[in-house]
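Asks: The listed protein sequences derive, respectively, from chains P and Y. At position 159 of the first sequence the residue is numbered 159 (the numbering used here), and the sequence of numbers has no breaks. At position 29 of the second sequence the residue is numbered 1029 (the numbering used here), and the sequence of numbers has no breaks. No residue lacks a Cβ here, since even glycine has one placed at the ideal position from N, Cα and C.
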Amino acid sequence: MTGFAFSVFSYLACSVLAVFVSRRLGLGSVVGYIAAGVIMGPLLHMTGTGSGYLESLSELGIVMMLFLIGLEIDPRMVWRLRGMLLGLGGSQVTLTIAAVTLAGFALDFPWQQSVLFGCIGALSSTAIVLQTLEERGVLESDGGRAGFAILLFQDLAVIPMLACLPLMATNSHTSAGAHGSNLLSSMPGWLATMTTFGAVGVVVVGGHYLSRPVMRAIARDGLRDIFTAFALLVVVAIALLMSAVGLSPALGAFLGGVVLANSEFKHELQSDIEPFKGLLLGLFFVTIGAKIDLSVLTHNWAFVLAATAALVLIKVAILFPLASLFRLRSSASWLVALGLAQAGEFGFVLLSLGQQIDILDAADASIGVLVITLGMVFTPGLFMILDRIVASLETSRNVSTEVDKPDSGTVIVAGLGRFGQIVNRMLLASGYKPVVLDYRADVVDDLRKFGVRSYFGDAGRSDLLASAGIAKAELLVVAIDDPGRTVEIVQQARAANPRVVIIARAYDRIHHYRLLSAGANHIVRELFGSSVEAAGLALRTLGMHPYEVEKRKNTFVQQDLAGLSRMASLIDDERRVPDNDRFIAGFNDIGRVIQEAMLGRRAQYDEIVSRGWNPPRLDESHTPDQTRQENEKTGAGE
Amino acid sequence: MKRVLVLFAHPAQRTSSINLSMALRARQLESVTLVDLYAEYPRFDIDIEREQHRLLSHDIIVLQFPLFWYSTPALLKQWQDLVLEYGFAYGPKGNRLAGKTMIASVTTGGSAVDYSQHGGNKHPFPAFLLPLRQTAELCGIRFLPPFVLHAANHIDTTEARMHIDAYPVLLESLSADAFDSSSLDMLSEITTKDIAKMLARVGA
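#1: Short of 6 Å in beta carbon distance, which residues of its chain neighbour Ser621 of chain P, apart from the five on each side in sequence? Order them along the chain.
#2: Give me the chain P residues within the contact set of Arg1043 of chain Y, using Cβ-Cβ distance strictly less than 8 Å, ordered along the chain.
#3: Would a C-beta distance cut-off of 7 Å place Val477 of chain P and Val436 of chain P closer than the cut-off?
#4: Leaving aside the five residues before and after Val115 of chain P along the sequence, list all residues of the same chain whose C-beta is less than 7 Å from its C-beta, in chain order.
#5: Using the beta-carbon of each residue, which ones in chain Y are nearer than 9 Å to Gln558 of chain P?
#6: Quick one: grab the DSSP three-state call for Gln1028 of chain Y.
#7: Just checking my contact of Ile1190 of chain Y with Pro1145 of chain Y at CB under 8 Å: how many whole Å lie between their CB atoms?
#8: DSSP three-state label for Leu1149 of chain Y, please.
#9: Per DSSP, what kind of secondary structure is Leu416 of chain P in: helix, strand or coil?
#10: Would you say Lys553 of chain P and Gly536 of chain P are within 7 Å of each other, going by their C-beta atoms?
#11: So, with DSSP's three-state summary, where would you put Met544 of chain P?
#12: Taking just the CA atoms, how far does Ser1173 of chain Y sit from Val1032 of chain Y?
#13: Determine the DSSP secondary structure at Gln1064 of chain Y, reduced to helix, strand or coil.
#14: Where do the ends of the alpha helix (DSSP H) carrying Leu475 of chain P lie?
#15: Mind checking whether Tyr33 of chain P and Phe285 of chain P have CB atoms under 7 Å apart?
#16: Select from P:Ile359, P:Glu268 and P:Leu283 the residue whose C-alpha is nearest the C-alpha of Pro166 of chain P.
#17: Would you identify the three-state DSSP class for Val298 of chain P, choosing helix, strand or coil?
#18: Can you tell me which residues form a DSSP beta bridge with Arg1142 of chain Y?
#19: Keeping to the same chain, check which residues put their C-beta closer than 8 Å to that of Gln1212 of chain Y; ignore five residues upstream and five downstream.
#20: Using a Cβ-Cβ distance cut-off of 7 Å, determine whether Pro1131 of chain Y contacts chain A.
#21: Is it right to say Ser15 of chain P is buried, meaning 16 or more other beta carbons lie within 10 angstroms of its own, or is it exposed?
#22: Around the Cβ of Leu325 of chain P, are there at least 16 other Cβ atoms within 10 angstroms (buried) or fewer (exposed)?
#23: Whose C-alpha, out of P:Ala414, P:Leu335 and P:Ser392, is nearest the C-alpha of Pro380 of chain P?
#24: Buried or exposed: which applies to Val214 of chain P, given that a residue is buried once 16 or more other Cβ atoms fall within 10 Å of its Cβ?
#25: May I have the straight-line CA-CA distance separating Leu1075 of chain Y from Asp1045 of chain Y, to the nearest angstrom?
#26: So, is Gln270 of chain P buried or exposed, given that buried needs 16 or more other C-beta atoms within 10 angstroms?
#27: Heavy atom of the ligand NAP less than 6 Å from the Cβ of Arg448 of chain P, yes or no?
#28: Only counting the same chain, and skipping five residues up and downstream in sequence, which positions put a Cβ closer than 8 Å to that of Gln1117 of chain Y?
#29: Ignore the nearest five residues each way along the sequence and tell me which others in Gly257 of chain P's own chain have a CB closer than 8 Å to its CB.
#30: How many angstroms separate the CA atom of Asp1059 of chain Y from the CA atom of Leu428 of chain P?
#31: What does a CB cutoff of less than 6 Å around Cys1291 of chain Y pick up in its chain, not counting 5 residues either side in sequence?
#32: Could you have a look at Gln626 of chain P and say whether DSSP puts it in helix, strand or coil?
#33: I'd like the list of long-range same chain contacts for Ser1021 of chain Y, defined as Cβ closer than 6 Å, with 5 residues on each side in sequence excluded.
#34: State the Cα-Cα distance for the pair His179 of chain P and Leu338 of chain P, rounded to the nearest angstrom.
#35: Examine the Cβ distances between the segment 226–238 of chain P and the segment 261–276 of chain P and report whether three or more of them are shorter than 8 Å.
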């Protein structure tokens, strides 16, 4: 136990430290994890007892990553990107594999190794690139979209690579070993094929029809930790099933993700699995780093540097002309070429696979890890070069700067009760596509039947708000009926995004002020509007002319809102509202005009309502001074 | 430097290209306060006190609107009905606006030919602004010849562009009192060319 606890401790401590430093240096977390591995393994020799267990656990990180990639696959988005995806992504992967493989031949590597290097070189780091593009706000620009399409294609290309590389194994018994002992080896061929297809079918059908009712039932009962456990169970079950029939667990997880991508639980699944994936993937990178043989580096540093430079040059030389061929402007082409010039985290997966199937020895694998890592370390430098190039392009050609469209804003509606539904329907009817969150699974389910993009989840959880896109959102409507939680959500959203406009549903006046200080921009009292409508109908029924009613409603609302904002200045943080004397006094003051009207002294209220529609009275000289005095009396216009 | 208040009234700004561009240009000028009436009072619930205060704190009032049925859009009429109050703008001692200047900036659907004695509209354009002119004059406000773009839906873009570019020049010249008042009074309506001519005369 102490041994195991010590490995976990050293793993977490080194990771926290190294990743923090690495992020601060702008190198991204992957480089940090590998550095943590180097510190733990070759430098301090802390990987002892329990590391084997951690290593096999870490491979679940890859599976979860592919599950999450699958979750992100939106068929509509793939269709929109189809040209870029197949054309640009396809030719980039094919050409880079070819170029690197040929370079490998030229340097007298065996053909299996050359192809492996080709596959590794063709991939870029999805994690690093997407994060950098997002930080720079260019994900939705031409270059950003092209880069995303290429990365998506690469992520998909990993699956056939993982499936095909074992076929190149030099001797057959290791090939079987790579798959682990599976129950297919004892079956006749046709039965094995059937079982394989059957397993894929189980993932697709089970994911679609079986898991959703279960998740719905768990969600309805509000069992949050069981939901998380179930999410993990789904991923692990898929991995287990796939290994049993000899398919790649990663492929199965990806498939499972795609199946669930369109479900109402997408965001909840994402927020549940994301931290596990982050940690386990981090663990994977740490084990990679721990396996680096530093003596290999000291003996081969010149070769490592040369190989890194060659890889970056080959990738840029293929990406830039390709991007230009696909009619990207030159600044966007440079973004794609320099941004995607590093090798990616899947390279590590392929390297360890290469070792397992015996086409690579430990020393070569260490060199490979170093080349990939160095490429990642250079990525921020390449982005700096990109900035220089783009700046000189703009000045030399004097191109207008409106070229790169920033990320478009999104609308989030939290809460889908009677209030939120109306908001959502009007937004949809006006052509906006809000992301809708609600914590009652049955409500979400019903709305999805009407084609509303709604997701199950508690909007008060900051991770769910984050995955709904609060950081870049333009507008958040908090329409839930629980006053306390509304305040919490407003506070969290405001902390996550200082610029987002927040419209919040208030229970009453006091709640109105709490929401104001929590950071809401506009506050709507939930029953105010409809009560005014009902009062108007009452007046009409009693025989008042409809336009007169309308004017009275307007005046009432204006007076009330003016009073509400006058009172805001009387609120202070220290005293509770009911103890605040000035507030109570002011509170009673607001409605005075209205109350007087209620008590029968209607004259002043009538005067405000009919202001400006009075005919000139010729028998009486009405001076401006008199008007002003009367205004002061009634308090109109303040 | 006189302070200019532009009251912009356009109920369908989504389809407007010329008036909206003009308003955006006006908004950028330092001497100009631009009020988008339909944005401030989407429910026609005009705040009389605030609008009167705005009038008092400016010297030149520009009514900018597309001509609808030979008149202003409904909200601008509502504005007249409510804000130009008895005892404030007219009536005995209702002289708070006296001495101010008013000008209409109008776009029309009909062409300059349509707005002539023998055209489809049977009267020259200024005739249709008679109610506005008389309203202004009853309040003691000087009513300048209107700044007009005819056939705004049909003209080519260069002509529209010239009109949009001339608008801030007009507003700044009015604010700086750059026009010779007798040459202004000789015009029945002000066009882009007139502005250039008048400025050239002052410069010479």
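Replies: Result, derived from the coordinates:
#1: Within the first sequence, numbered from 1, the residue matching residue 621 of chain P stands at position 621. Below a pLDDT of 50, predicted positions are generally treated as unreliable, and Ser621 of chain P, at 45, falls in that range; the measurement from the model is reported next regardless. A distance below 6 Å between beta-carbons, with the five flanking residues on each side excluded, links Ser621 of chain P to no residue of its chain.
#2: For the purposes of this step, residue 1043 of chain Y is taken as the residue at position 43 of the second sequence. By Cβ distance, chain P contributes Asn554.
#3: On the first sequence, residue 477 of chain P is found 477 positions in, with the first residue counted as 1. On the first sequence, residue 436 of chain P is found 436 positions in, with the first residue counted as 1. Taking 7 Å as the Cβ cut-off, Val477 of chain P and Val436 of chain P do not qualify as a contacting pair.
#4: As a first step, residue 115 of chain P must be located in the first sequence, where it is residue number 115. Same-chain partners within the cutoff: Thr101 and Met168.
#5: If you number the first sequence from 1, residue 558 of chain P lands on position 558. Under the 9 Å cutoff, chain Y gives Asp1045 and Asp1047.
#6: Indexing the second sequence from 1 puts residue 1028 of chain Y at position 28. Correct three-state label for Gln1028 of chain Y: coil.
#7: Within the second sequence, residue 1190 of chain Y is the residue found at index 190, counting from 1. Within the second sequence, residue 1145 of chain Y is the residue found at index 145, counting from 1. Yes, Ile1190 of chain Y and Pro1145 of chain Y are in contact; Cβ-Cβ is about 5 Å, under 8 Å.
#8: Taking the first residue of the second sequence as position 1, residue 1149 of chain Y is located at position 149. Of the three classes helix, strand and coil, the one that applies to Leu1149 of chain Y here is strand, per DSSP.
#9: Taking the first residue of the first sequence as 1, we reach residue 416 of chain P at position 416. The answer is coil: DSSP assigns Leu416 of chain P none of H, G, I, E or B.
#10: As a first step, residue 553 of chain P is located in the first sequence; it is residue number 553 there, counting from the start. As a first step, residue 536 of chain P is located in the first sequence; it is residue number 536 there, counting from the start. The answer is yes: Cβ separation under 7 Å.
#11: Stepping through the first sequence from its first residue, residue 544 of chain P is reached at position 544. Looking at Met544 of chain P - three-state DSSP - the assignment turns out to be coil, as it is neither helix nor strand.
#12: Here residue 1032 of chain Y refers to the residue found at position 32 when the second sequence is read from its first residue. Here residue 1173 of chain Y refers to the residue found at position 173 when the second sequence is read from its first residue. Looking at the two C-alpha atoms, the distance is approximately 12 Å.
#13: Taking the first residue of the second sequence as position 1, residue 1064 of chain Y is located at position 64. In the three-state reduction of the DSSP assignment, Gln1064 of chain Y falls in the strand class.
#14: Taking the first residue of the first sequence as 1, we reach residue 475 of chain P at position 475. Premise fails: Leu475 of chain P lies in the beta strand (DSSP E), Leu475 to Val478, not in any alpha helix (DSSP H).
#15: In the first sequence, residue 33 of chain P corresponds to position 33, counting from 1. In the first sequence, residue 285 of chain P corresponds to position 285, counting from 1. Taking a C-beta distance under 7 Å as the contact criterion, Tyr33 of chain P and Phe285 of chain P qualify as a contact pair.
#16: Sequence index remark: in the first sequence, residue 166 of chain P carries index 166 (1-based). The shortest C-alpha separation from Pro166 of chain P is found at P:Ile359.
#17: As a first step, residue 298 of chain P must be located in the first sequence, where it is residue number 298. The question names Val, but residue 298 of chain P in the sequence shown is Thr. Note: Thr298 of chain P maps to helix in three-state DSSP.
#18: Taking the first residue of the second sequence as position 1, residue 1142 of chain Y is located at position 142. DSSP lists Y:Thr1101 as partners of Arg1142 of chain Y.
#19: Residue 1212 of chain Y lies beyond the residue range present for chain Y, which begins at 1001 and ends at 1204; the question has no answer from this structure.
#20: Protein chains P and Y are contained in the structure displayed, whereas chain A is not.
#21: Here residue 15 of chain P refers to the residue found at position 15 of the first sequence. Counting C-beta atoms within 10 angstroms of its own C-beta, Ser15 of chain P has 16 or more neighbours from the protein chains shown and is therefore classed as buried.
#22: To locate residue 325 of chain P, count along the first sequence from 1; it is residue 325. The residue is exposed, with fewer than 16 neighbouring Cβ atoms inside 10 Å.
#23: As a first step, residue 380 of chain P must be located in the first sequence, where it is residue number 380. Minimum Cα distance to Pro380 of chain P is reached at P:Leu335.
#24: Working through the first sequence from its first residue, we reach residue 214 of chain P at position 214. With fewer than 16 other Cβ atoms within 10 Å, it is exposed.
#25: In the second sequence, the residue the question calls residue 1075 of chain Y occupies position 75. In the second sequence, the residue the question calls residue 1045 of chain Y occupies position 45. Leu1075 of chain Y and Asp1045 of chain Y have their alpha carbons spaced roughly 10 Å apart.
#26: By one-based count along the first sequence, residue 270 of chain P stands at place 270. Classification for Gln270 of chain P: buried.
#27: In the structure on display, the ligand NAP does not appear, and there are no ligands present to speak of.
#28: Locating residue 1117 of chain Y in the second sequence gives position 117, where the first residue counts as 1. Spatial neighbours of Gln1117 of chain Y in its own chain (CB-CB distance under 8 Å, excluding positions within 5 residues in sequence) are listed in chain order as His1123 and Pro1124.
#29: The count along the first sequence starts at 1 and reaches residue 257 of chain P at position 257. Contacts found: Leu66, Phe67, Leu68, Ile69, Gly70, Leu71, Glu72 and Ile73.
#30: What you label residue 1059 of chain Y is simply residue 59 of the second sequence in a count that begins at 1. What you label residue 428 of chain P is simply residue 428 of the first sequence in a count that begins at 1. If you take the alpha carbons of Asp1059 of chain Y and Leu428 of chain P, they lie about 45 Å apart.
#31: What the structure shows of chain Y is the stretch from 1001 to 1204, and residue 1291 of chain Y is not part of that stretch, so it cannot be assessed.
#32: The residue you call residue 626 of chain P lines up with position 626 of the first sequence. Here Gln626 of chain P scores only 45 on pLDDT, less than 50, and its place in the model should not be relied on; the value that follows carries that caveat. If DSSP states are grouped into helix, strand and coil, Gln626 of chain P belongs with the helices.
#33: Along the second sequence, one-based indexing puts residue 1021 of chain Y at 21. Here Ser1021 of chain Y has Ile1164 as same chain residues with Cβ atoms under 6 Å from its own Cβ, once five neighbours each way along the sequence are excluded.
#34: Translated into the one-based positions of the first sequence, residue 179 of chain P becomes position 179. Translated into the one-based positions of the first sequence, residue 338 of chain P becomes position 338. With a pLDDT of 44 at His179 of chain P, under the threshold of 50, the modelled position of that residue is not reliable, and no figure is offered here.
#35: A contact exists between the segment 226–238 of chain P and the segment 261–276 of chain P.
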